[in-house]
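The structure appears below as structure tokens.
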């Protein structure tokens, strides 16, 4: 079996799970998941044939779910939760469901939340932790944001592990993106070095939907749904003026999933730019500005969606800022495009009504929509099943609609991006009708 | 290869597709789909091993998408669309995307819509057809309902095929549920018998999400999202009164997907009943009423969700009505439960505030939410790709997030239901906390 | 001055208000309201001339707002809140704003909420009261329902006043409709008889908007806004079928304000029935059914909105049920109309698709929309200003967009109804295009 | 009678209105409005007494509504509509209702819409006009924007009147703000000079709600409702980070109505700045920055709402840009505050998480909410009643909830602003808890 995707465990699970399930198919009761149950990475028939013929094993992921035996004795287990990085719809749903699952299903009553991300594990910040129980998380899923607060930025791994030890934490749920998962992995490594019996589970949070080997991340659908509505309004604005041009900057530092999905769902976008497209040209016969001019002359309005990480080649000789998490902050491609478009049409002596919208902070703080709410609660439940079984250094994910566990290291090895040869991108191109590339 | 899932075609495709795609992986352009590309039905590693070891071929579905060669010459092709059965969010999105794809991508300009379902193909109803083109479908995706109208009920297959012949229709899109697909299949058979070159594509429409071998049907997510909000409000109503009890009847004649997903997304439901549960008991120590009483005594409010097809065993000696489509109309389990609960608590001398909601007609006529809107447009595009390539008697579906084609016959062979041993149902049970069965 | 509208007070206000305001116009600070400030009932110039010429005083209402001197010493004041009757959007907003205003502006820290309406003041029900303070009401305005719960039904006035005495309550806010205000007035009378220094303020809650001398009641706009969306969806449903007919029953036992406003805001309704219309006929040349038939023959779809209190003349020989509050429960005019329409078209041999929706419980439990949220907080603040100044037996209202105080007795003397000769009703008739009456 | 508010007319109305109404109170049918019916400006009892005692006539506005006799012969009347300036929710609702009222109630079938604001009346722009009839405006009220498009900027009055003459326009509806109404008034003056029988009606459109003598303008409630939701999300964002500070810039060049109402409806704002506040100070003991610091130290998050026209004194030595309409474009107070706050906390060595949102273009292009939708249709109907009766140079407004007509000159004489001594502003101050002024 491919060991890249093998989830590590703290040791043998010896306690019978308090969750009573069936053992056999056909008794009408859900069964415990066996360690051997796995989901194929490649779902094509071709992959089946190839592996069969070549005698290779296909890549696969461990299936998530409740195990018959667990590692931690519930009444002696102390759990902690931390939310890190940018806000994302569904954070409170995940917190709530972790607490409910631990409390009611596993009988773990000792649960705390560290405040303001990893800062909460560093004593010098003096952020007190919060005790979590059903009553104080009961209706938090109806609100955006995170009741625990968040923060960006690296903290000392050693100090954080000290805090876990000092507080007798047995299990820690880290809800966060790429940077958070990297830190969670270092925490996991340090715990291993210290030979502690503390388990670490990551719940990948990326509004951009760009975690490797994970089909869909929570909050993403809410994000592109909100963006879709905003595109609808922007379309009204563009059509409302002669030669009306709207630029909407959406989230997506390294990948354009939000931009692409919002474009597909609203069907009014004429040009889309995402990081995966790489360098494109503004000037020249086949450049973007000429294409925009043709559109304006034909229809007298245009809608442009740009992911924040697109077009960074325009800034390559400039100094890149980093945010507190160490992520490179993209130069503002939205404002850049606005200025280029404005001066282009001025040169062309074509009067346009040009406007720019950046709705990011309205989107990421929204309440999770129904499908995300459901997804968050299932992610949280599965994270609890895995960690109670003693799994550690893992994240919970989803693949082919089946919940999975995979090593944090696999999830952070690369970033998921839109394949420009995929059906998704082709459908986006069909929806916008834009040329496949802007190159002379 | 498993022939159950082989899609039939009208003949050899000889025209080069007007859609220009790549041929090779790596050129940055989406590639034509080859007839041999298929998606595995069973995504588990176990299935791989079993098939490999036993020398069997796994079940698989044909992958949807644009083909290099098409059967119909676009400029000579006349297309028709019909929407049948109950309303479902996304109907207009599907109509719009079929028209846009035919018109702009395949250059098929001759498109009509039959009005009011299959009635529109029967001359005696005198429903004139509507010509469809980009201008008159441009913003219909922003509205619920169907601009073509719909109807229930069987119509003469022969007469409908006559209408297709008389109007020189080459391709027909039937958007509808189980009954519609059955009729579409009969139309397909009759066309074959008459040796006509007319292709039939089904786009499965079931708000209940219960089409066989199709992971998700359009409108379903919108439906459970609206239901989720209504459950939230009903929860306010239940908590607003001492011993407040709310019953919400949701759609689901044969399957409980809407009820289950709405329950998971709102997390406030205490009892759920779906058709798949089969018979349950009201009376006795382990009956539902006793469980409800305990809940009321403990928390003083309760929320009950019931799918319309649940609990039909209570009516087994009664005469079942059929609707115009010939579907058995379930007796009203919501009103039945309301009456039983009312008299039970009266007998128990416990005063309750009991209310009943049936929001179906508000839900099914709603505008599609963003994710459904995107899904509808992709379904429609793929239906067009398939039919233009000469495929017929097929439906477009989705499996493991990949669009597929499968014979109508496969889609109507059985109904998809919630497996009571699945993770989905277990998660619902965890969310409600109700006993696994109500039997003494 | 007209004494019908004179608000009574417990005695002289001797404490300086902790709210520091200006005394003079022009200093840029809001001024204390003087007892003499009043708002005219009739806003027409004609009324001015008539009163001037005849030497009469026009009717007017006392202006609400902060007074310079207050009756209750804040640190010794204990306040109580109770919510009664049916749910209504905004209840939590009112509760929250009363608590915030008392706590932060008047320094009244001792605030309790009686649970489940007037039942909470009757010891035999054993509903414990809840202490209220900023932390536990902080985000309740984001949710529908009432955190205090509600109930219908008469309770012993004596026992309730006993409870107020025993708990040393000084001020009581009764949030409720007609029945609640009648009870609040009896409580006020009993307090007067016992010579207690307890003040009673009513905050009129009627989703139907039918309180006398009060321009607009809270929750009403939210209600008709939700109804408006539902009418939009119902319109999709009606148009979706040949001869599609939708009946939507809306709230409104004695008045049709919700039905009328929702009709005006969505503009898709073809027939509306409200209680104020009195008796109308179904049969005959000028009866409703004939008008509906003409509409169906012309447009093939129709939308009918009916307020629950309309058409009660059809039931006049039947026994009327009363609800727990003693209100006469209207017979179900929606179901009655549905049956009459169904059998009429059957007789006429016209096939129709007829559906019926009753969305009341979804509407009344909704979260208040922004304008209602603002209105609730202003109502609550003004109720606090009045009661702290020692006013009692009063309700807070609004007239010509100015907040007012008036005696409970005035508010319950009659019910506000739609004047069939008003511009509002005329506009509704213009929007539906229906005949002014259905009489032969 | 006060002549400032007297509406001029083109001449004697000699045609009987096709709208059949009652003449007497009590016949159950709405009555024609008499020219003498007027609404009092000052609704206070004090004003009654003062006018009575001093023998003066109170200010009053003409009451809007259908007249018995009209000036224009419907079948010979050609109507035109134009929408100018910034987008505003409800534009399409107003257009639709004008068309419906003219077409169905007055039998005026000849209606056109000039495109892109006043540009549409200037031939050199070559914007063709659009014919308007019920079928093509039927569902436009469900969408934001304006189907006619809009533009900013002055156009030649002479040329516009030429266009009206050349096209035989009899009545023109100008939907627009302050600048538009000024131009409409000049058009009216020019028409008078030319002795033409063309009537001009203004429908005041100001999302900022700042038209003189008009209680409420359409789109305003939608605007503050959307802003209210955004404030709720921003609050999540602020609370989500330690020392989280959010700045939200809202519309309001000369007045802070949107900011004030949104603040009252969401109740989470800590500091609000509006143009009416005039100069305020940032530095010093009583400056804003110190107050913000105290808030941050106490609660660790803060929400700041700033109307775009606030704090312009900070830019007084800078050059002011003007937009195409000639309005002074305010310097960006939001970005200014963001920079000042950032550097202040940097100096103070307090780490904050500071973010800025400008949601204007998302708000103004939104679909009108139900109450605005109803209001728009009533405004439009009353505009039609007035203009058909031959009134000209007038706007339709609302006062004390009664629709009114007043001369355009009165509406543009001044701008409505928030009175800092009003209850509204005091309630805002109570909601934010901020100091009444920031001055040392």
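Residue numbers (my numbering), protein chains in the order written: chain A, 1 to 440; chain B, 1 to 440; chain C, 1 to 440; chain D, 1 to 440. Idealized CB from N, CA, C, for every residue including glycine. A quick note: this is a predicted structure, and the numbers were derived from the prediction, not measured.
When secondary structure is reduced to three states using DSSP, residue 377 of chain C falls in the helix class. As computed with DSSP, residue 62 of chain B is found in a beta bridge with B:38, B:405. In terms of beta-carbon proximity, residue 115 of chain B lines the interface with chain C, with at least one pair separated by less than 9 Å. Taking residue 427 of chain D as the centre and dropping the five residues before and after it, the same chain places the C-beta of 264 closer than 8 Å to its C-beta, in chain order. The beta carbon of residue 23 of chain A does not come within 9 Å of any beta carbon belonging to chain B, so the residue lies off that interface. 9 Å or more divides the Cβ of residue 111 of chain A from the Cβ of residue 135 of chain A. For residue 389 of chain C, there is no enclosing beta strand (DSSP E), as DSSP gives it neither H nor E. In summary, the residues of the stretch 56-69 of chain D whose CB is separated from some CB of chain C by less than 7 Å are 58, 60, 65, in the order they occur in the chain.
Counting every other CB atom within 10 Å of its CB across the protein chains shown gives residue 74 of chain C a total of 16 or more, marking it as buried. Within chain A, the residues 371 have their CB atoms less than 7 Å from the CB of residue 221 of chain B, given in chain order. Separation of residue 66 of chain A and residue 97 of chain A (C-alpha to C-alpha, rounded to the nearest whole angstrom) is 15 Å. If you draw a straight line from the Cα of residue 219 of chain D to the Cα of residue 89 of chain D, it comes to about 4 Å. In terms of beta-carbon proximity, residue 38 of chain B lines the interface with chain A, with at least one pair separated by less than 9 Å.
Nearest to residue 277 of chain A by alpha-carbon distance, out of A:420, A:161, A:354, is A:420. Its chain contains 410, 411, 412, 413, 414, 415, 416 as the residues whose beta carbon lies nearer than 8 Å to that of residue 212 of chain C, once the 5 sequence neighbours on both sides are disregarded; these appear in chain order. In the three-state scheme derived from DSSP, where H, G and I count as helix and E and B as strand, residue 177 of chain D is classed as coil.
Taking the beta carbon of residue 420 of chain B as reference, the chain A residues within 7 Å of it are 28, listed in sequence order. For residue 134 of chain A, there is no enclosing beta strand (DSSP E); the enclosing alpha helix (DSSP H) covers residues 134-137. Listed in chain order, the positions of the stretch 346-363 of chain D with a beta carbon within less than 7 Å of a beta carbon of chain A are 355, 357, 359, 361, 362.
The stretch 55-65 of chain A makes contact with the stretch 29-43 of chain A; the number of CB pairs closer than 8 Å reaches 3 or more. With three or more CB-CB distances shorter than 8 Å, the stretch 360-374 of chain D counts as touching the stretch 138-156 of chain D. Counting only Cβ-Cβ distances below 8 Å, residue 241 of chain C has contacts in chain B at 116, 149, 150, 151, in chain order. For residue 402 of chain D, at least one C-beta of chain C is nearer than 9 Å to its own C-beta. For the stretch 352-377 of chain D, the full-length beta strand (DSSP E) segments reaching 3 residues or more read 353-357 along the chain. The beta carbon of residue 145 of chain B falls within 9 Å of a beta carbon belonging to chain C, placing the residue at that interface. With its beta carbon less than 9 Å from one in chain B, residue 266 of chain A belongs to the interface. Rounded to whole angstroms, residue 349 of chain A and residue 288 of chain A show a C-alpha spacing of 18 Å.
Residue 119 of chain C reaches chain B at 242, counting residues in chain order whose Cβ is nearer than 9 Å. By the C-beta criterion, the stretch 234-245 of chain D is judged not to be in contact with the stretch 378-395 of chain C, since fewer than 3 inter-stretch pairs fall below 8 Å. If you ignore the 5 residues before and after residue 121 of chain B, its C-beta comes within less than 6 Å of the C-beta of 114, 160, 163, all in its own chain and listed in chain order. In terms of Cβ geometry, residue 281 of chain B and residue 400 of chain B do not form a close pair [threshold 9 Å]. Among the residues of chain D, those whose CB is under 9 Å from the CB of residue 237 of chain A are 87, 144, 145, 361, 362, 364, 365, following chain order. Residue 301 of chain B: not part of any alpha helix (DSSP H); member of the beta strand (DSSP E) spanning 301-307, first to last residue. Near chain B, meaning a CB-to-CB distance below 8 Å, the residues of the stretch 373-391 of chain A are 373, 374, 377, 378, 381. Between residue 233 of chain C and chain B, the shortest Cβ-Cβ separation is below 9 Å. Among the residues of chain D, those whose CB is under 9 Å from the CB of residue 127 of chain A are 242, following chain order.
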